[in-house]
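J.: Following our numbering, the residues of the sequence shown are numbered contiguously, the last one being 551.
Note that beta-carbon positions come from the ideal geometry of N, C-alpha and C, so glycine has one too.
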Amino acid sequence: MTELRAKVMERAEAYLDDVVRFLRDLIRIQSRSGQEGEAMRRIEREMKALGLANVGIDPIGNVVGWVGSGPYRILYDSHIDTVGVGDEAAWPHDPYEGKFENGIVYGRGASDNKAAIACMVYAGKIMMELGLGAGASLCIAGVVQEEDCDGWAVGEAIARGFFGERPHCVVLGECTNLGINRGHRGRCEILVTARGVSCHASAPSRGVNAIYRMLPVVEGIRRLEAEVADDPFLGPGTIAVTKIESVSGSLNVVPDLCRAVVDRRMTLGETAAQAMEDIRRASREALAGVAGVDAGAGAAGDTGGSGGSGDAIQVELLRYTERSWTGYRADVEKDYPTWVLEEDHPVVQAGVEAARIVLGREPAIGRWDFSTDGVATMGRHKIPTIGFGPSEERFAHTVQDQVRVEHLVAATAFYAIFPDVAARMAGDAGSGAKADR
Ligand SMILES: [Zn+2]
């Protein structure tokens, strides 16, 4: 293994300047969610120049390139979209200049998640040069719209076969500080709608104020904080009302509609369906204790079926309905399932083994605080998924967005070594299973 490590590290060091140049180019090309086209074209050019196979852009706008044609199918996923920069004056440097100083590349997307694609593409080159990954087919994908709707683009591409046959495992390039991550909390965005009856604000008793109807419901949602589940690995779920708005014809009209948005983080065992049911129950209980709410709706002759407090509150998931830069339309519920891959799973162990070879020590095994494309690959499609990425989660979405060159070298080497290790371990696990029967 030390010989393999020496060979791969020598190549990863040799390509460092190219990885840095490529990464800085990508930082200079702004790529907010839905506007990744130019960055995707840039990655496509690099993949082609390095000799990756079947390089192209799929109908959604993801860029893909392939290495090897072995039976064990691996998907590398690095999202190419970034969040915005906020107040540019708060940045110590131009977020889009691709500043490179003292062995650190700075700029929006450096950590989250453009460093990973630069390393993955050069890992593909190294695999071809050194004849690595013979037992695997590796699909390297630059994916759109992760920041806006984690998992949508990669999940849709897997479902439609744009990344070939269903992969046996997925490696996410999201920053892990060179550790192996194996899960994170899920989340969903829940829309709560309260309906009332509008009337002139000079005689509010003639109607039902939807804001007043919503107030006890919000308090009820707040009381749910005490009921969320906990998990020793992922931590507790959370619930937070993040927005309230009302609709009325004018400022002198009692509003007949009030909407609240709930950000629900789900730990292991929690689902969006259960989270919505909890809110429905909390709403019923909250309104049952409020005198006059239901009577008001009835007295106003409401015939829309919203006479009961249960019907007066509607609970549903928000939907994501944006188009990709190629015009491909998303239309999905904002439900991002919790996922965890067991620590003794062969894919986790393959990641640990590959990291051990590269780092010369035991890697940390952990989880992310933030959400990733794993909500689709593992959460929805149940494909064993791990994360290994350069840089650290604490730099993501901050004005300190950065990655160190040592991380670029180590990640490039990891991505070059992992396919062999994973294909071998999958084979071992397969034969072990047979022997058990
Ligand atoms: Zn990310």
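Within 10 angstroms of its Cβ, does residue 387 collect 16 or more other Cβ (buried), or is it exposed?
T.: The residue you call residue 387 lines up with position 273 of the sequence shown. Exposed, by the Cβ-count rule.
J.: Kindly identify the DSSP beta-bridge partner or partners of residue 109.
T.: No information on residue 109 is available, as it lies outside the stretch 115 to 551 that the chain covers here.
J.: Can you give me the start and stop residues for the beta strand (DSSP E) that residue 307 sits inside?
T.: Translated into the one-based positions of the sequence shown, residue 307 becomes position 193. Note, residue 307: beta strand (DSSP E), 300-309.
J.: Does at least one heavy atom of ligand 1 sit under 6 Å from the Cβ of residue 226?
T.: Here residue 226 corresponds to residue number 112 of the sequence shown, with the count starting at 1. Because some heavy atom of ligand 1 lies under 6 Å away, the Cβ of residue 226 counts as near it: yes.
J.: By the 10 Å Cβ neighbour count, where 16 or more other Cβ atoms means buried, how is residue 534 classified, buried or exposed?
T.: Walking along the sequence shown from the start, residue 534 turns up at place 420. Buried.
J.: For residue 264, which residues from the same chain have a beta carbon less than 7 Å from its beta carbon, with the 5 sequence-adjacent residues on both sides left out?
T.: The residue you call residue 264 lines up with position 150 of the sequence shown. If we look at residue 264 and ignore the five residues flanking it on each side, its Cβ neighbours are 450, 485, 486, 487, 489.
J.: For residue 214, does the three-state DSSP call read helix, strand or coil?
T.: Translated into positions along the sequence shown, residue 214 becomes position 100. It is a strand residue.
J.: Taking 6 Å as the cut-off, is the beta-carbon of residue 150 closer than that to any non-hydrogen atom of ligand 1?
T.: Residue numbering aside, residue 150 sits at position 36 when the sequence shown is read from its first letter. No, ligand 1 has no heavy atom inside 6 Å of this Cβ.
J.: Could you give the distance in angstroms between the alpha-carbon of residue 290 and the alpha-carbon of residue 178?
T.: As a working note, residue 290 is residue 176 in the sequence shown. As a working note, residue 178 is residue 64 in the sequence shown. About 23 Å.
J.: Per DSSP, what are the beta-bridge partners of residue 372 in this structure?
T.: The count along the sequence shown starts at 1 and reaches residue 372 at position 258. In the DSSP output, where bridge partners are listed per residue, residue 372 has 308, 360.
J.: Could you work out which residue in 189, 306, 213, 232 is closest to residue 250 when comparing CA atoms only?
T.: Position 136 of the sequence shown holds residue 250. Nearest of 189, 306, 213, 232 to residue 250, Cα basis: 189.
J.: Under a three-way DSSP split, which group does residue 266 fall into?
T.: For this step, residue 266 is matched to residue 152 along the sequence shown. Of the three classes helix, strand and coil, the one that applies to residue 266 here is helix, per DSSP.
J.: Please report the Cβ distance between residue 515 and residue 223, rounded to the nearest whole angstrom; I am assuming they are in contact, meaning their Cβ atoms lie under 8 Å.
T.: Start at 1 with the first residue of the sequence shown, and residue 515 comes out as number 401. Start at 1 with the first residue of the sequence shown, and residue 223 comes out as number 109. The Cβ separation is near 7 Å, so the contact holds.
J.: Assign residue 216 to buried or exposed, taking buried as 16 or more other Cβ atoms, counted over all protein chains shown, within 10 Å of its Cβ.
T.: For the purposes of this step, residue 216 is taken as residue 102 along the sequence shown, with counting starting at 1. Label assigned to residue 216: exposed.
J.: Taking the C-alpha atoms as reference points, what is the distance between residue 491 and residue 132?
T.: Taking the sequence shown and counting its residues from 1, one reaches residue 491 at position 377. Taking the sequence shown and counting its residues from 1, one reaches residue 132 at position 18. Those two C-alpha atoms are separated by around 30 Å.
J.: Looking at residue 430 and ligand 1, is the gap between the Cβ and the nearest heavy atom below 6 Å?
T.: The residue given as residue 430 occupies position 316 in the sequence shown. Outside the cutoff, so no.
J.: Thinking C-alpha only, which one of 353, 381, 363 is nearest residue 375?
T.: The residue you call residue 375 lines up with position 261 of the sequence shown. It is 353 whose Cα lies nearest to the Cα of residue 375.
J.: If you run the structure through DSSP and keep just helix, strand and coil, what is residue 430?
T.: Counting from one through the sequence shown, the residue named residue 430 turns up at place 316. Looking at residue 430 - three-state DSSP - the assignment turns out to be strand.
J.: Buried or exposed, going by whether 16 or more other CB atoms sit within 10 Å of the CB of residue 504?
T.: Along the sequence shown, read from residue 1 onward, the residue named residue 504 stands at position 390. That one is buried.
J.: Would DSSP call residue 437 helix, strand or coil?
T.: In the sequence shown, the residue the question calls residue 437 occupies position 323. Strand at residue 437.
J.: Would residue 226 be called buried (16 or more neighbouring beta carbons within 10 Å of its own) or exposed?
T.: In the sequence shown, the residue the question calls residue 226 occupies position 112. By the neighbour-count rule (16 or more Cβ atoms within 10 Å), residue 226 is buried.
J.: State the beta-bridge partners of residue 447 as determined by DSSP.
T.: Here the question's residue 447 lines up with position 333 in the sequence shown. Paired residues: 433.
J.: Whether or not the region 116-128 and the region 204-221 are in contact is what I'm after, with contact meaning three or more pairs of Cβ atoms, one per stretch, closer than 8 Å; do they touch?
T.: Judged by Cβ distances under 8 Å, the region 204-221 makes no contact with the region 116-128, as fewer than three pairs qualify.
J.: I need the straight-line Cα distance from residue 319 to residue 434, nearest angstrom please.
T.: The sequence position of residue 319 within the sequence shown is 205, counting from 1. The sequence position of residue 434 within the sequence shown is 320, counting from 1. Their Cα atoms are separated by approximately 38 Å.
J.: Hey, is residue 506 close to ligand 1, as in C-beta under 6 Å from one of its heavy atoms?
T.: For the purposes of this step, residue 506 is taken as residue 392 along the sequence shown, with counting starting at 1. No - ligand 1 has no heavy atom lying nearer than 6 Å to the Cβ of residue 506.
J.: What do you get for residue 271, buried or exposed, if any count of 16 or more other CB atoms within 10 angstroms of its CB means buried?
T.: Here the question's residue 271 lines up with position 157 in the sequence shown. Buried, since its Cβ has 16 or more Cβ neighbours within 10 Å.
J.: Below 6 Å, is the gap between the Cβ of residue 288 and the nearest heavy atom of ligand 1?
T.: Numbered from its first residue, the sequence shown carries residue 288 at position 174. Flag set: Cβ of residue 288 near ligand 1.
J.: Do residue 233 and residue 498 come within 7 Å of each other at the CB atom, strictly closer than that value?
T.: By one-based count along the sequence shown, residue 498 stands at place 384. By one-based count along the sequence shown, residue 233 stands at place 119. No. Outside cutoff.
J.: Check whether the Cβ atoms of residue 501 and residue 168 lie closer than 7 Å to each other.
T.: In the sequence shown, the residue the question calls residue 501 occupies position 387. In the sequence shown, the residue the question calls residue 168 occupies position 54. Contact flag unset, no.
J.: Quick check: what's the CA-CA separation for residue 311 versus residue 214?
T.: Numbered from its first residue, the sequence shown carries residue 311 at position 197. Numbered from its first residue, the sequence shown carries residue 214 at position 100. Whole-angstrom Cα-Cα distance: 60 Å.
J.: Return the CA-CA distance between residue 335 and residue 355, expressed in angstroms with no decimal places.
T.: Here residue 335 is taken as the residue at index 221 of the sequence shown, counted from 1. Here residue 355 is taken as the residue at index 241 of the sequence shown, counted from 1. Each residue's Cα considered, the two are about 8 Å apart.
J.: Bridge partners for residue 189 per DSSP, in chain order?
T.: Here residue 189 refers to the residue found at position 75 of the sequence shown. According to DSSP, which records beta bridges pairwise, residue 189 is partnered with 253, 284.
J.: Just reading off the beta strand (DSSP E) that residue 77 is part of, what are its end residues?
T.: Residue 77 cannot be examined here, being either before or after the span of the chain that is shown, 115 to 551.
J.: Can you round the beta-carbon distance between residue 136 and residue 160 to whole angstroms, since I take them to be within the 8 Å contact cut?
T.: As a working mapping, residue 136 is identified with position 22 in the sequence shown. As a working mapping, residue 160 is identified with position 46 in the sequence shown. Rounded, the Cβ-Cβ distance is 6 Å, consistent with contact.
J.: Within the continuous alpha helix (DSSP H) that includes residue 116, where are the two ends?
T.: For the purposes of this step, residue 116 is identified with residue 2 of the sequence shown, where counting begins at 1. Looking at the DSSP string, the run of the alpha helix (DSSP H) that includes residue 116 is 116-128.
J.: Just reading off the beta strand (DSSP E) that residue 518 is part of, what are its end residues?
T.: Here residue 518 refers to the residue found at position 404 when the sequence shown is read from its first residue. Run containing residue 518: 516-518, per the beta strand (DSSP E) assignment.
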